[in-house]
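See structure below.
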Amino acid sequence: MRPILHACGTLLLALLFVVPASLTAHAQAGNQLRFDGINDRVTMPAFDFANQSFTIEFWARRQGGFGAYQYVFSQGSSTAGEFAGVLFRLNNVLSFSFWSDDLDATTAVTDINWHHYACTYNNTTRLQAIYIDGVLNASRTATANTTAVGTAYLGSVGGTGQYFVGMMDEFRVWNYDLGAAVIAQRKNCELSGSEPGLVRYYRFNQGTGAGVNTGLTTLTDASPTAANGTLVNFALSGSSSNWLSASPAVISGTTAPAAPTVAAQGKCTGSTLASLSPAPASTTLWFASQTSTAVLPSNTVLSSGSYFVAAATTSGCRSSRSEAAVTIVTVAAPSTSAQAFCAAATVNDLVADGASIKWYNTPTGGSALPLSTNLSTRSYYASQTENGCESGRAASSVTVKPLPAAPTPAAGSISYCQNSPTEALAATGNNLLWYTQASGGTASATAPTPSSADPGISTWWVSQTVAGCEGPMAPIAVEVKAVFPITYSDVPSSFCIGSALPALAPSGPGPSSAPARMVTTLAGAPASGLVDAIGIAARFNGPTAIVCDTAGNLYVADSKNGRIRRLARNGVVTTLASGLSTPTGLAIDAGGNLYVAEQAAHRIRTVTPQGVVTILAGGTQGFSNGVGTSASFNNPTALAVDESGNVYVADRNNHCIRKITPGGVVTTFAGARTGFPANEPSIVTQFTSPVAIARTPSGIIYVAEMGGSRIRKITQDSTVSVLAGGSAGFSDGAAATASFFHPSGIAVDEAGNVYIGDRGNNRIRKISSNGVVSTIAGTGSTPSADGAALSANVQTPMGLVFDREGNLCFVEEDGNQVRKVSAAALSLSRPLPAGLTFNESTGAITGLPTVATPSASYIVANANGCGGTATLTFEIAPASMSLAALNTAQTLNVSGSTTYNTNCALLITSVAPTGSHPVSGNTAARVWIEPAQPEGYVRRHYEITPATDPESASGTVTLYFSQADFDAFNATNVRKLPAGPQDSAGIANLRIEKRSGTSNDGSGLPGTYNGGIINIDPSDAHIIWNATGARWEVTFDVEGFSGFFAKTQSAPLPLTLLSFEGRVAGNGVGVSWTTTDERALSHFVVERSNGDRRFEAIGTVAAQNSAGMHRYQLLDAAPWVSPVRLYRLRSADLDGSFRYSAMVHVRRSAGGGVQVYPTLVRHSVTILAAGALVNTEASLCDLSGRELRRIPLRSGTTVSDLSALAAGCYLLRFADGSVERIVRP
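One gets this note's numbering by counting positions in the sequence shown from 1 and adding 61 to each.
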């Protein structure tokens, strides 16, 4: 046979026509057999039709003999029931004949086209059927089965007549009834020949079309039967009785596929056909039997037995069917019973007796429940799985019992002093269980008794059990506080202004072992939410403010939840008020009434202890004063309340502070809403987004400005000033130079220290009462983490408040927690005098007193309430500064300009840390007054000895002399020291001889020093007569400390050096000096040091060497390698001798800095401030450290008139710690 619908048919046909003659004996694809209708026939071995089902199918094309009998197939005798035949009758209809028991088609075939014919017989039902072109044409019930035997024939009846005229192809005989579907699907398909039930298959693909095939008389059977037929009477040449080509019987490429390979399969109850292998598909068809015609759907539920599968092509060709034995495995449902659980139980807790249990919430269908699914009271359904098969489901009735609440601890936190008696922990609840960890661990029914042996914080957890269900745990924290003595020895009753305090710290090991501040979490967790519970089980959402009542309970403004929450001392969090509109600020009065700033509603409300909420003032956005709701606010953020019930409001977006009387009258307390003078009356000062406010009992108000990143102070007389900060950033140190980043919380302790929630820096900061900013908690990193305060993480701290124990509690807006910083180890009962600092960890008191203070008692106590106290009583006395009349010694801690005196009266000397290696630490100073005038030096002489690095330490020294000291010297020496303030010659004669080391016999006499000798020529401008103190003050710079002796030069100086100065000039330094009376002088050499004490010459200038005033200058354009340069001038004589001037210090500060000129001030001093020093203040002090005035520094040039100052040496101290010395002649 030959397909006619394939695109490549023409080419293939052409190839078939050129097959060599030698191959004509072999099978040829696509051929047919032409019967001439005269005597052509094929004889075949007999078929076994007797009492069998069968199917005969073929393709035929009639070519004549219409109106005559033409047999296509016949077998048997002309006896009813013994014959089987297929023929065209006289009326041209196809007949399926059992001889006189026949089925005739209903349609005559009179055309000469190819048609497919199939005749089927079912021996059980005796049903005969005729299909033409795959469509059922006729059917009937036969009288009886046929028993036809004998030779079979194609093209004739009995091989003797009624011959078929036309072509025949694809003749097949099956031993079963194919059925309509298979007939239709296979009629156009070539077969493999191995299909089950196929007993004859003549393809006719033999010979050469219309060629000479005389030797080819065998018709090959391609079925397993191999019953070949014999061609009889065929001419086997030409086109009328021969093999022909180009049969259209089947479509190209539609050879029926091979039967699938299958194996026996075990399946679970309820499995469907879709689970079989191979899986059902358009090319894989399953049947209930070998001969059934209906394709089983994939959702057919399987049962034990055989199923049959055939492969199919996309064009509809099917293979024979392969049998698959299917065994259904039945698994019994597991055994279950009713079950009861406590709340929070999950599916994982359910129990059933079986293997590989799965649980469902429906008796059928649905998906198995995850093991983590929480249970509820209802029925659940269990299945078990064996050998991969899941059983049906068994129901289990489940009851879920509620968990009891956490027990209520007798106290949420308990504290003991170290080694004190303790009691067993207690809580209210049933069947209490105690644990040593928050989850897991072993429970104990016996309440633990904490140990007080070691300082620290320990936590236990307790739960209660009701009806067999254990509830959540409540934490109980137990703090053991360290006990240590506090003892100060030999504390003077009086300290002097300008004199650094001696070492003043408690003795013994106690304070040094005090526990560090700790950060711990009181309630909440990083995850936001709204849960009333105990401690860290509670949840907040954006808490912003916190206050504490007299009983120690905390109240939190839970802004994003619109609630006020109460955190009791036992750790229980409850809701006091709800339905608020973004509550951000809180204050509490002595009666326990809360005041709430509702930022989004622009109003202030009150909440009574019973939770009754009323409106105090506001309710519309704007700015207007008035009474109650007639007043308006713009995002009020924070509150404070005074003893009279007046409420102070940080009105954030109006940039001012408002005041509400108890009667609801609203006024503007501070803030002009425009402008920004730093220190002005409150009504004309503008604030920049004030978001936190605190008030002291004395009436001072502190304000944190988020927008300005600064802290403001409002005094009782309504003056507003900047306490600290002013630029966004992070730096500790002096208040004027420290920086904050969006400070958003503020609190003040009893000692006047101010604490800041530095939101943007994620830290808690402290501004001490003497103006020093430090960090007490937080690293700057997030998220929140407990631990030692300076190692713990703090996240966006907002409101701050001190609790009854002195702990600093705070809330974290983004951290959603309430936390605390534990109290300092030591506390001080009152603020120290100005200039002094108290170390809360060590108890040390240090500093330089600057203001006279009456005698007062200062109580140092262990802040945790354990251990003793120490009381220090002293005064800060003004210094009379009369010169020491006797040999005197004193040791002081030098940290700034330090004046040595005893009993605030006996002035010794002054030392300031300057130069490349500033002197610091304990430094001894001694003065000797010789009873008789010694030869060659003034009878008053000095020794200054730092304890650390005395050979290389640098500084500025001022020595003091009386006129009587100089007069005694002049009485025995030819070259005179000044006889009075106007004696410029005597001033020019003064020299200081420095002898290195210390006196080896304690006498201080020159011959007792073993070190080298250096002569120092102090600048005449730095030799000052202090008329007020009736003393000479001689100031000079020094490197290396030693004995100092005043004397005169041995010969007239070759010049008088009036000034020597250096100042920043662009990227370099301009050095200038002025002289007079130059005699026998050769030249000047300017030397520079970069702070390492190694000087190098940078330039030489020839001397004019004549009388009169001469001015010189030199520009040092070398790159800066350090922020400080030192310059000195070497004056060289014609004879080769030389002398040095005093050193000049020039600073170049990164990001700003300051320049001061002239340093010899007759009328005014000019200060050039830049960078961070702008908008700060300079302090003008005398050498005793007493502050005389403050000079505000603006951007650019500040000129200050100093003409009213007495003659003398003075210091200008700046906020960056730098100091400049000036002289008033």
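Note that beta-carbon positions come from the ideal geometry of N, C-alpha and C, so glycine has one too. If you're wondering where the values come from, they're calculated on a predicted model, not measured in any experiment.
- With a cutoff of 8 Å on beta-carbon distance, tyrosine 1003 and leucine 944 are scored as not near each other.
- Under DSSP, the beta-bridge partners assigned to tryptophan 347 are Val370.
- Note on geometry: alpha-carbon atoms of serine 306 and threonine 204 lie some 41 Å from one another.
- Contact annotation: valine 1095 and isoleucine 1084 have beta-carbon atoms nearer than 8 Å.
- Between the C-alpha atoms of serine 916 and glycine 1072 there is a straight-line separation of about 45 Å.
- Secondary structure at alanine 598: helix, using DSSP grouped into helix, strand and coil.
- Per DSSP, arginine 1001 is not a residue of any alpha helix (DSSP H); the beta strand (DSSP E) it occupies stretches across 1001 to 1007.
- Under the three-state reduction of DSSP, asparagine 92 is assigned to strand.
- In the structure shown, phenylalanine 1030 adopts helical secondary structure according to DSSP, grouped into three states.
- Only buried fits glycine 860, as 16 or more other CB atoms lie within 10 angstroms of its CB.
- Arginine 756 places its beta carbon 8 Å or farther from that of aspartate 712.
- If you compare the alpha carbons of Gly790, Ser805 and Gly806 with that of alanine 799, the shortest gap goes to Gly790.
- By the Cβ criterion, the segment 155 to 165 is not in contact with the segment 223 to 243, since fewer than three pairs of Cβ atoms, one from each stretch, lie closer than 8 Å.
- Contact fails between the segment 431 to 451 and the segment 500 to 509, because fewer than three Cβ pairs, one in each stretch, are under 8 Å apart.
- Residue pairing by DSSP places serine 1225 opposite Asp1262 in a beta bridge.
- For arginine 1247, the three-state secondary structure derived from DSSP is coil.
- Residue state for alanine 946 is assigned as coil, using DSSP reduced to three classes.
- Assignment of beta strand (DSSP E) within the segment 867 to 906, counting only whole runs of 3 or more residues, yields 869 to 873, 878 to 882, 887 to 889 and 897 to 899 in chain order.
- Secondary structure of arginine 247 (DSSP, three-state): helix.
- Apart from the 5 residues on each side of it in sequence, alanine 1267 sits with its Cβ closer than 8 Å to the Cβ of Asn1087, Ala1088, Thr1089 and Arg1285 in its chain, given in chain order.
- In the DSSP assignment, glycine 1047 falls within the unbroken alpha helix (DSSP H) covering 1045 to 1050.
- Every beta strand (DSSP E) of 3 residues or more that sits fully in the segment 504 to 565 is shown, in chain order, as 517 to 524, 535 to 542 and 555 to 557.
- Going by DSSP, glutamate 1281 is part of the beta strand (DSSP E) stretching over 1280 to 1285.
- Given a length threshold of 4 residues, the segment 413 to 455 has no whole run of the alpha helix (DSSP H) inside it.
- Around the beta-carbon of methionine 228, 16 or more other beta-carbon atoms lie within 10 Å, marking it buried.
- DSSP places tyrosine 178 inside the beta strand (DSSP E), whose first and last residues are 175 to 183.
- If you ignore the 5 residues before and after alanine 885, its C-beta comes within less than 8 Å of the C-beta of Arg578, Gly867, Glu901, Ser902 and Ala924, all in its own chain and listed in chain order.
- Measuring C-alpha to C-alpha distances from serine 759 to each of Ala812, Thr729 and Val752 identifies Ala812 as the nearest.
- Apart from sequence neighbours up to five positions away, the residues of its chain that approach leucine 297 with a beta-carbon distance below 6 Å are Asn274, Thr275 and Asn303, ordered along the chain.
- The three-state secondary structure of serine 1192, taken from DSSP, is strand.
- In the structure shown, proline 1067 adopts helical secondary structure according to DSSP, grouped into three states.
- If you draw a straight line from the Cα of serine 156 to the Cα of glycine 146, it comes to about 8 Å.
- Contact between alanine 701 and alanine 648 holds: their C-beta atoms lie close to 5 Å from each other, under 8 Å.
- Comparing alpha carbon positions, the residue from Thr1258, Thr1117 and Ile1252 closest to tyrosine 1201 is Thr1117.
- Across the structure, threonine 581 and isoleucine 906 are spaced so that their CA atoms are roughly 29 Å apart.
- The continuous beta strand (DSSP E) containing proline 804 extends over residues 804 to 809.
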